[in-house]
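I have placed the structure first, in the form of structure tokens, so that the comments after it can refer back to it.
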Amino acid sequence: MYYSKSSASLFLLPLSAIFFLISLIRKYLYRFNFLKSFKFKVPVVIVGNITLGGTGKTPLIIHLAKELKKNGYYPGVISRGYGSSVKGVIEVNQKSNVDEVGDEPILIQKHIRMPVFVSKDRVMAAKALIKKYKRINVILSDDGLQHYRLMRDIEVLVIDGTREFGNGYLFPAGPLRELKHKLNDVDAIVCNHKKVIEHSYLMKYKSKFLVNLKTKQKIPLTKVHLRNIHAIAGIGNPNRFFNDLKSFGLEFDSSSYQDHYRFSKKDFKTLSGKNIIMTEKDAMKCEKFAQDNFWYLPVDADIDLKFTNVILKKLKYISHG
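Be aware that the sequence shown starts at 48, since it is given in this note's numbering, and climbs by one per residue.
In structure tokens form, the structure reads like this:
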């Protein structure tokens with residue numbers, strides 16, 4: 048419904064108008080200090096979007112954290128931990144589980160090996176992060192463009208280039224969290240897969256091999272000869288993942304699930320005897336019952352070097368401001 052102008056979406060437009068008014072009032076309550084927002088001495092970089100569903104924020108967060116570390120920064124990450132049961136604030140570690148902190152924070156911590164804190168309240172997460180790790184000199188927020196309680200120094204907006212802005216309507220008639228005017232306010236725009244905004248940076252995914260979830264065996268994508276494949280995806284845009292697999296010459300059946308779907312053994316009963324290929328994010332939720340036929344595709348963000356330079360330049364300006 049969100050990606051076409053159907054009768055259902057048109058029927059919901061009055062509710063979108065109400066959503067817009069509530070969002071606008073909330074925004075101005077923070078702007079004029081009727082609601083309290085928090086400013087940290089450490090620069091805060093928010094990587095978010097203005098649409099519902101996945102756009103590629105997590106791979107970008109991982110990429111940006113690694114680049115900042117290469118350039119002498121000591122970044123920490125905060126996340127809301129969508130779908131988690133977290134109460135208060137919790138630090139992600141190698142023993143953390145998906146039910147406790149969510150899938151994306153575990154994936155981020157696995158790749159960057161830097162502090163990652165999860166809380167429904169991003170301000171609380173940021174306070175806990177810099178209290179424990181005095182060396183932190185930049186905070187990366189996984190999502191949160193509309194979380195005005197947390198003041199930010201740099202905003203990075205990520206767009207899914209294959210789906211763009213759907214039907215262009217605000218929630219619930221469409222996928223927009225806020226109007227497209229936001230594009231004019233952010234510090235940098237990153238388009239995932241396809242460049243749909245002129246002044247933006249193109250991000251694509253790089254993959255080199257499949258990894259067996261149980262045995263950790265790696266197979267170069269140039270040498271994959273698996274047969275009887277069934278691909279699954281519980282992410283914001285499953286078709287993007289399926290198209291990536293097709294680009295590697297793989298033939299498969301597929302099943303799509305809602306974003307952050309919690310997989311269980313039952314989901315695979317009808318798929319016995321098949322080679323299951325999934326995203327790395329979904330693999331986080333299947334480790335406990337992984338079989339020899341479970342494979343996942345790791346991806347790395349490949350983005351224009353100019354993007355990193357822009358963020359570094361802005362951080363330098365902030366630190367000397």
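Even for Gly, the Cβ is constructed at its ideal location relative to N, Cα and C.
Within 8 Å, strictly: CB atoms of residue i and residue j
i, j, result
"isoleucine 282", "valine 203", "no"
"lysine 328", "aspartate 150", "yes"
"lysine 253", "aspartate 314", "no"
"aspartate 189", "valine 124", "yes"
"serine 373", "glutamate 225", "Limits of the chain in this structure are 48 at one end and 368 at the other, which puts residue 373 out of reach."
"leucine 260", "alanine 330", "yes"
"phenylalanine 295", "leucine 268", "yes"
"valine 133", "glutamate 147", "yes"
"valine 89", "valine 243", "no"
"lysine 332", "valine 145", "yes"
"arginine 169", "leucine 187", "no"
"histidine 351", "lysine 251", "In the sequence under discussion, the amino acid at residue 351 is aspartate, which differs from the histidine named in the question. Not in contact: aspartate 351 and lysine 251 (Cβ atoms no closer than 8 Å)."
"asparagine 214", "serine 56", "yes"
"isoleucine 72", "isoleucine 108", "no"
"isoleucine 65", "lysine 229", "no"
"glycine 95", "aspartate 306", "no"
"valine 136", "methionine 171", "yes"
"alanine 220", "phenylalanine 87", "no"
"tyrosine 343", "valine 258", "yes"
"alanine 235", "phenylalanine 354", "yes"
"leucine 297", "isoleucine 276", "yes"
Pairwise C-alpha distance: residue j and residue i
i, j, result
"lysine 360", "tyrosine 120", "13 Å"
"isoleucine 159", "asparagine 356", "20 Å"
"serine 311", "arginine 78", "44 Å"
"asparagine 322", "phenylalanine 218", "38 Å"
"alanine 280", "histidine 240", "18 Å"
"valine 91", "leucine 192", "11 Å"
"arginine 37", "phenylalanine 85", "Here the chain comprises residues numbered 48 to 368, so residue 37 is not present and cannot be evaluated."
"methionine 325", "proline 345", "9 Å"
"proline 222", "leucine 62", "13 Å"
"leucine 362", "arginine 199", "12 Å"
"valine 139", "isoleucine 153", "7 Å"
"lysine 116", "isoleucine 183", "11 Å"
"phenylalanine 81", "phenylalanine 212", "31 Å"
"leucine 318", "serine 131", "27 Å"
"aspartate 291", "lysine 83", "44 Å"
"glutamate 245", "lysine 227", "14 Å"
"tyrosine 195", "glutamine 141", "31 Å"
"serine 53", "lysine 178", "49 Å"
Coarse secondary structure for residue i, derived from DSSP in three states
i, result
"aspartate 339", "coil"
"tyrosine 248", "strand"
"glutamate 202", "strand"
"aspartate 291", "helix"
"valine 258", "strand"
"leucine 352", "helix"
"alanine 220", "coil"
"aspartate 314", "helix"
"phenylalanine 164", "strand"
"isoleucine 97", "coil"
"lysine 138", "Lysine is not the amino acid found at residue 138; the sequence shown has glutamate there. The answer is strand: DSSP assigns glutamate 138 an E or B state."
"asparagine 80", "coil"
"valine 237", "strand"
"aspartate 306", "coil"
"proline 267", "strand"
"valine 148", "helix"
"valine 357", "helix"
Selected residue, minimal CA-CA separation from residue i, among the options
i, options, result
"asparagine 340", "His194, Lys316, Val133", "Lys316"
"alanine 112", "Arg73, Pro162, Ser143, Arg127", "Pro162"
"glutamate 334", "Asp200, Asp234, Thr262", "Thr262"
"glycine 103", "Val237, Ser301, Ile279", "Val237"
"proline 285", "Tyr216, Arg210, Arg182", "Arg210"
"lysine 293", "Ala278, Leu57, Asp306", "Ala278"
"phenylalanine 288", "Leu318, Tyr304, Leu273", "Tyr304"
"lysine 181", "Phe67, Pro122, Ile153, Ile201", "Pro122"
"valine 233", "Glu138, Ile266, Ile358", "Ile358"
"tyrosine 308", "Phe336, Asp291, Tyr129, Leu76", "Tyr129"
"tyrosine 49", "Tyr216, Tyr75, Lys142, Gln141", "Tyr216"
"isoleucine 365", "Ile201, Phe256, Phe336", "Ile201"
According to DSSP, residues forming a beta bridge with residue i
i, result
"histidine 277", "Asp300, Ile323"
"phenylalanine 85", "Leu197"
"serine 126", "Val165, Asp189"
"lysine 253", "Asp347"
"proline 207", "Here the sequence assigns aspartate to residue 207, which means proline is not the residue at that position. Asn239."
"valine 133", "Per DSSP, none; premise fails for valine 133."
Near the ligand ADP: residue i beta-carbon under 7 Å from a heavy atom
i, result
"leucine 344", "This structure simply doesn't include the ligand ADP, nor any ligand for that matter."
Residue-chain proximity (residue i, chain B), Cβ-Cβ < 8 Å
i, result
"isoleucine 201", "Among the chains of the structure shown, chain B does not appear; only one protein chain is present."
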